[in-house]
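First up is the structure itself, then whatever we jot down about it.
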Amino acid sequence: MISVLKKIFGGTKHEKDVQSLKPLVLQINEEYARLSSLTDEQLRSKTHEFKALIQSRTAPLQEELSGLREQLTSQDLDHEESLAIHDRIKEIGSEEFTIIQDTLDEILPEAFAVVKETCRRLTDRKHSYDVVGQHHVWAMIPYDVQLIGGIVIHQGKISEMATGEGKTLVAVSPMYLNALSGKGVHLVTVNDYLAKRDSEWMKPVFDFLDINIGCIQSNMQPHQRHAEYSADITYGTNNEFGFDYLRDNMVSEAEDMVQRPHFFAIVDEVDSVLIDEARTPLIISGPVSHSNDQQYDQLNPRVRRLVDAQNRLVNTIVNDAEKLLQSQDKENKTQAGINLLRAYRGMPKQKKLSKLLQEPEYQKLMRDTELEYLREQGTKMSVIDEEIFYTIDEKNHQIDITEKGRELLTKVGEDPEMFVIPDITGELSMVEGTTGLTADEKQAQKDELIRRYSMRSDIIHTVHQLLRAYSLYDRDVEYVVDGGKIKIVDEFTGRILDGRRYSDGLHQAIEAKEGVTVEADTQTYATITLQNYFRLYRKLAGMTGTAETEAGEFDKIYNLDVVVIPTNREVVRKDLDDLIFRTKKEKFNAVIDEIQKLVKDGRAVLVGTTSVEVSELLSKMLKRLNVDHRVLNAKQHQHEAEIVAEAGKKGKVTIATNMAGRGTDIKLDADVKANGGLAIIGTERHDARRIDRQLRGRAGRQGDPGSSQFFLSLEDNLMRLFGGERIASVMQTFKVPEGEPIQAGMVTKSVEKAQKKVEENNFAIRKRLIEYDNVMNQQREAIYSMRRVVIQGERMKGEVTEFMEQLAGHWYDQYHEEQHIEGLKDQVRTHMLCEVEITEQEFRTMKADDCIDRIVTVAKEFLDRKEQQFGTEFMAGLERFAFLRAIDDKWREHLGVMDELKEGIHLRAYGQKDPLLEYKGEALNAFQNLFVEIQKETITAVFRFYPQQVHAPNAQPIRPQEGALNHKNVNVMNSPSLSFMGQSNKRTSTTAGMRAIKPEIEEYGHDSQDRESSTPGHTVRNSDPKVGRNDPCPCGSGKKYKQCHGQHA
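In this text, residue positions in the sequence shown follow the numbering used here: the first is 1, and each later residue adds one.
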């Protein structure tokens, strides 16, 4: 029936997609046939012809753009004129992009043919070269299916190609085509090694065609990065691209930026980067002024005592339940159900409980009891929970402490309310309504309430994170301990995420749990999610072997279509139905038996595990039986290349975590091919079907034989949480003997349904995350746009005037209602150093516009006199410096406010309010306040900042701030929040903006961020010791004095 419908409607979507591209492939091959007669120089000259065509079509727009930029930097424009020019610049960008894309579509057949002909010539000549230290001979010419994949990528879609189909070569044609625009193409990979390998591997093609390529590596300095990003094509990892974007928005001069505008990105393993890493914000952070890291060590003994008490209690409850289940009495059965539910809510992973719940009858009893107590909106569930110390919600990663738990945590003599957050709103209202108190006494009581609220919030947060560390995070599963450090294991790849840290104090909680040094807190300086970073590109595309299952998410979040490309050769791998056992013990024994059988048959075996713990367990079992094998996991990753090279030989057994899932090409020897190829054994289904497909894809590459089969148990996390009841019921119905598996297509489909549930749940989490981050993204784009305007050297006089008007209006609103003219005058004196002549009588009837005009007039006169005294260059530099400093300082504070807001906003749900709507409202208010603060600080600096030797009346130079920030810590967060500890590029946050001002200016402070060192802030004073012209500049820039602040001396 399905085949008939396909014929009627012309096939599936993917078949139609591929069919529509075949005429283009025919054109490419026709052009390819004509190119063989060209000399190398004639073929190479095609690149210059293509570039010249694009440049000729975009030249008028480029001329207009240059003229507009000249106006911005050379003319005194008011705020409205500046906005109009910026709007036109955006329009030009869109018009230029459309012209470029139309031209690229026009030349696509010939450009792709040029790449194919280049590959043929390199192959015929057996071109030899080195790739990451290994000798290599070029032997690749794109197949038609690879050309189709390349066209799909150029069209801004995702090309799904089976593993082993040569995706690295597929990307070359669309990269070459889009690089002709001169705008830069980024090829995004998942690690530094792949970025370096792929760039060197494909380099001969690009060298032949006069296209230069770059490669970003994590240890590069800013000037090196700038050079790599200036290339036509740049390879690098998603983290490096994202962090460089953030660092570029922390510099003070345009020449310090390393990235160009984001034109086109191709994301390799696009599902890993845009789906698996989507909950991972990139964060640049630094030390906080106050930290509560000692609290984790202080509270750890109490929490450990609480966990031990819960363990003993749950053991008792489960033992009682086991006895009650033997009884036929109805009341005993009811109590047994209560005990099972109570134990499950207190410790869902308890071993005896898991074994009991393998029986469908007992599992049904617990679920029925749960439904009974969830009635009346769950109000009865407190009866279950009040007997245990805390409850665990595994699916949502939440823990709640009960009254009984709080009593155990509280020491003798301590306030029993220590672990209860006070109702701050209610208590503040009570203080406000109290009669008989002076205003100062009320304020003192309010301050004490807020202090107590803050202290208890910190304590309760610390306790919750410690409980999560003990109850939800297992050593050698979610993380390993290596060299006294907690290192996170990526659940999708099995690799150690070097430098990453869980956020919100969770990493510190795990450090306290494991008894290693608890590291200090950090604060956010800049942040963006990968989702929003990749939305910066005008065109985005990707390639992977496993995107189809997430096609809906790619469409909804990124507006990316998925096209499944057929394989060059038919896949002959046999994918067998899953084998499902009752217990993990039965499952692992069966895996060992199957390994021994396959080795005897002369096969190569790859055993995939989901954790380090399981890989080591299987290794011990094989060692007892003297079965030769190798282990590849997060602890043995340094031997990866050697292990993979041996994995395809006869009789070889490789046990690997998900590390062996992506980009691992296992080459088979002739004997293994003859005996049936590589055998894949999966020991557990992953939450995402894509990861299982990646593991299966290690076998059967390019027409090789092979097989794959998963061995599961009802104790596996996926089965236990999302799908075990139905399968357990089937095993009960068919009376499957102990030790025997159940194998059927229906069962495999049930497992896939369970995976779909998890995928839907994870998609909902990611979708919710982006809804929250969209709020921050709009704010970030506004702030970063302002910064770019400043550092590009535009005159900010119009913005300063606009700020004066807005501040004057704000002061009028604040003081006119109270008729407090002196308050308004004080604000003008403080921020603008001016005296505005307004009498009290005038102020009573004065309109807002009149008041604003009066204030702005005297302020402008003041600034005009200042500009006459010190010059236009000085004032232009001062405006940029003041604006940039205000943006950076206030934005950093705003990020801290937003972090705190997001952390507690979910509590609004208890008040029947939508946390997202509440977050949007609070975020808008905070952002409006941020703008007012930026305006105040900018105006204050512009008016009060003077050269050191000049003593202005009624004005003092602003003194430097003590202790400039050290931006050496770089964090990346992931669900439940990760952070990445690295080093940021050398960046100067404010002082570089003052280089137009003479060196005798007294600066606010100096903030130099370097990958190797960080120079503390200081004031440049005439009383400093004399500095030689060739000595390092005292400002810490790293330049010689004669090339920096000494150039005007």
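Quick reminder that beta carbons are idealized off the backbone N, C-alpha and C, glycines included.
Please read all numbers here as calculations on a predicted model, not as lab measurements.
Other residues of its chain near residue i: CB distance less than 6 Å, five sequence neighbours each side excluded
i	result
D490	L497
E394	P348
R573	A699, G700, G706
T901	Strictly speaking, residue 901 in this sequence is Leu, with Thr absent from that position. Excluding sequence neighbours, L901 sits near E922.
D232	A179, I211, N212
S74	none
T527	P281, I283
L1055	This structure does not reach residue 1055, given that the chain is present from 1 up to 1049, and the question cannot be answered.
T657	G494, T609, S615, N633
F883	V790, M796, T938
D17	V563
A886	I934, E937, T938
N1022	At N1022 the pLDDT is 39, less than 50, meaning the model places this residue with poor confidence; the figure from the coordinates comes in the next sentence. Within the same chain, N1022 has no close Cβ partners at all.
Whole-number beta carbon distance between residue j and residue i, since they are thought to touch under 8 Å
i	j	result
E414	E403	Going by Cβ atoms, the distance from E414 to E403 rounds to 15 Å, so no, they are not a contact pair.
A469	E160	Incorrect: roughly 38 Å between the Cβ atoms, too far for contact.
A265	Y558	Not confirmed; about 11 Å, so no contact.
E715	K584	5 Å
L428	K411	With 8 Å as the limit, L428 and K411 do not qualify as a contact, their Cβ atoms being about 28 Å apart.
L35	A113	6 Å
L506	A278	Their Cβ separation, rounded to whole angstroms, is 19 Å, which puts L506 and A278 out of contact at 8 Å.
Residues near residue i in its chain [Cβ-Cβ closer than 8 Å; skip 5 each side]
i	result
V1054	An answer regarding residue 1054 cannot be provided, because it is not within the stretch 1 to 1049 covered by the chain.
Nonlocal neighbours in the same chain, by C-beta distance under 7 Å from residue i, ignoring five residues either side
i	result
I905	P915, E918, Y919
H894	A926, L930
F763	E553
L668	A604, G648, G677, L678, D704
L68	I85, R88, I89
H810	V932
D192	Q217, S218, T237
Residue nearest to residue i in terms of C-alpha spacing, selected from the options
i	options	result
G896	D40, R375, T163, I284	I284
P947	K649, I488, G871	G871
L299	T549, P204, R312, Q465	Q465
G545	V599, R451, D268	D268
W201	V631, T316, S128	S128
V131	V172, S199, T163	S199
H797	L325, M175, E80	Reading off the sequence shown, one finds Lys at residue 797, where the question assumed His. Checked all of L325, M175, E80; the closest Cα to K797 is E80.
G93	F112, Y296, L61	L61
E781	M875, Y373, V942, R535	R535
D665	H48, K913, T163	T163
Q1111	R582, V518, Q443	With the chain covering 1 to 1049 only, the question about residue 1111 has no answer from this structure.
R225	D256, E70, M250	D256
R720	D105, H831, Q350, G150	Q350
C-alpha gap between residue i and residue j, whole angstroms
i	j	result
G697	E642	20 Å
R865	T434	53 Å
L579	S713	8 Å
L769	G184	30 Å
G911	N761	24 Å
I852	E873	28 Å
A688	V790	45 Å
I565	V644	27 Å
E759	R766	10 Å
V828	T940	10 Å
R456	I338	33 Å
E861	F803	16 Å
E835	S82	30 Å
T462	Q508	9 Å
Within-8 Å CB hit, residue i to chain C
i	result
A688	Although the question refers to chain C, the structure presented lacks it and comprises just one protein chain.
Which ranges does the alpha helix (DSSP H) cover as unbroken runs of at least 4 residues, wholly within the segment 140-169, from first to last along the chain? Listed in chain order, the alpha helix (DSSP H) elements of length 4 or more contained wholly in the segment 140-169 are 144-154.
Can you check the segment 357-441 for any beta strand (DSSP E) of at least 3 residues that lies completely inside it and give the ranges in chain order? Taken in chain order, the complete beta strand (DSSP E) segments of 3 residues or longer contained in the segment 357-441 are 390-393, 398-401.
Which runs of the alpha helix (DSSP H), 4 residues or longer, sit entirely within the segment 558-638? For the alpha helix (DSSP H) assignment, the uninterrupted runs of no fewer than 4 residues enclosed by the segment 558-638 are, from N- to C-terminal side, 584-600, 612-624.
Length at least 4, wholly inside the segment 241-326: the alpha helix (DSSP H) runs in chain order: DSSP runs (the alpha helix (DSSP H)) wholly in the segment 241-326: 293-325.
Ignoring anything shorter than 4 residues, give me the alpha helix (DSSP H) runs that lie fully in the segment 99-148, in order along the chain. As for any alpha helix (DSSP H) of minimum length 4 sitting wholly inside the segment 99-148, there is none.
Ordered list of alpha helix (DSSP H) runs contained in the segment 798-857, each at least 4 residues: DSSP runs (the alpha helix (DSSP H)) wholly in the segment 798-857: 821-832, 840-845.
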